[in-house]
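Structure record follows, encoded as structure tokens.
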Ligand code: XIL
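In this note's numbering, the protein residues as written are 17 to 424.
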């Protein structure tokens, strides 16, 4: 498997990537690699296909199209093809982001990493950052009071480390995916603060040094303005639960970056203003906070005004905060047409443009393959195909648009 370092005595060589110019032509490519000390391995072509990985040197490489058949295989060493037809290029999102010193990430699941090699390979090849779609949420890491279960989350972090990826932590305090015991025990304010502190301490101590930032509080603001009063945390503690969470997190780990994360503030408007007021007040009063996460779960029909959205984001940066786009996806309302798919591509490019204009330091997608996305079930089947790879892991026009925007 390409992801696993192969034992190899030769020193690691620079990674080389095989990429034809258009994603469509990947489908017809075959790539043959002779691994050091090992046999020949053939793979169907993939964008940015990593011929060498983790020091596993390939002796030589054949690249051919399925139409040509193996007989006409080009047997030239990969580097000789640079710039030629089917040029060798470092065309993965990860490489484009690395060159900009940006994080490009995806939400993912440790179960799928273990089960589907293609899922794991695509993730490691294309992203330099990952976030747990679910397995670091309270319901999973503390299913019973005082009993933490970090198994799946540990496997995810180990995968990230093997593949030199950074890990965003998501999320410590949220009204959803709380274990039943945490929200239904009728805790007093003081007890609830204790529960929250113990949860934050337990999780941060466990992942210290391995997770570089945390969404400390998720979605505390209501859609219509003000606090989300139905949150069990709000009901048990009151509005100061948000700042209490940040203080507990800072006490638990002085080094990790602390984020507030929410949706609905991706465009200028009352929720963005509310969030801005909240974090500015935190900074004025010395509540520890390092960054803000903008989720960007928006359908393709939401055309975003690039300069207005960039200005909206930039004002947070000007407070000295980091900004991450944390949960990008872009569902297409059915029936889905190629025209809508290309609209999706240009809207994705627009979002990357907003991020680059505003100095956003991480661009995280809420998944990467349309095979696995929360969008169809969340929208009751109304929307689909929200991500950069199709359900067979082929790059979509949206992948190309994001790649080009990052590489430009
Ligand atoms: C979603 C996951 O994608 C789903 O699998 C799960 O059933 C519910 O949560 N905002 C967030 C994410 O902050 O944690 C949510 O993730 C999507 C909305």
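Each residue gets a CB set at the ideal place from its N, CA and C atoms; glycine is no exception.
Counting along the chain, the unbroken alpha helix (DSSP H) around residue 328 starts and ends at 322-334. Cα atoms of residue 221 and residue 321: separation of roughly 41 Å, rounded to the nearest angstrom. When only Cα atoms are considered, residue 135 and residue 379 end up about 19 Å apart. Residue 276 sits in a strand when the DSSP states are folded into three classes. Secondary structure remark: continuous beta strand (DSSP E) runs of at least 3 residues inside the stretch 95-162, in chain order: 119-124 and 145-148. Not one heavy atom of the ligand XIL falls within 7 Å of the beta-carbon of residue 395.
Inter-residue distance for residue 217 and residue 387 is about 35 Å (C-alpha atoms, whole angstroms).
Per DSSP, residue 215 is not a residue of any beta strand (DSSP E); the alpha helix (DSSP H) it occupies stretches across 205-223. Of the residues assessed, residue 353 falls on the exposed side of the cut-off, its CB having fewer than 16 other CB atoms within 10 angstroms.
The closest heavy atom of the ligand XIL lies 7 Å or more from the beta carbon of residue 191. Comparing alpha carbon positions, the residue from 138, 276 and 153 closest to residue 290 is 276. Under DSSP, residue 318 shares a beta bridge with no residue. Judged by their CB atoms, residue 288 and residue 328 are nearer to each other than the 8 Å cut-off.
Nearest in C-alpha terms to residue 233, of all of 259, 253 and 172, is 259.
For residue 311, the distance from the CB to the nearest heavy atom of the ligand XIL is below 7 Å. Here the alpha carbons of residue 189 and residue 418 stand approximately 31 Å from one another. Taking a contact to require three or more Cβ pairs closer than 8 Å, the stretch 289-304 and the stretch 343-363 do not qualify as touching. Excluding five sequence positions before and after residue 358, the CB atoms of its chain that fall closer than 8 Å to its own CB belong to 413, given in chain order.
Between the ligand XIL and residue 149, a heavy atom-to-CB distance of less than 7 Å is present.
In the same chain as residue 172, and ignoring 5 residues on each side of it, the C-beta atoms closer than 6 Å to its own belong to 126 and 148, in chain order.
According to the DSSP secondary-structure assignment, residue 309 is paired through a beta bridge with 277 and 340. For residue 385, the CB stays at least 7 Å from every heavy atom of the ligand XIL. Selection 333, 401 and 390 evaluated against residue 370 yields 333 as nearest (Cα-Cα).
Per DSSP, the unbroken beta strand (DSSP E) holding residue 234 starts and ends at 229-234.
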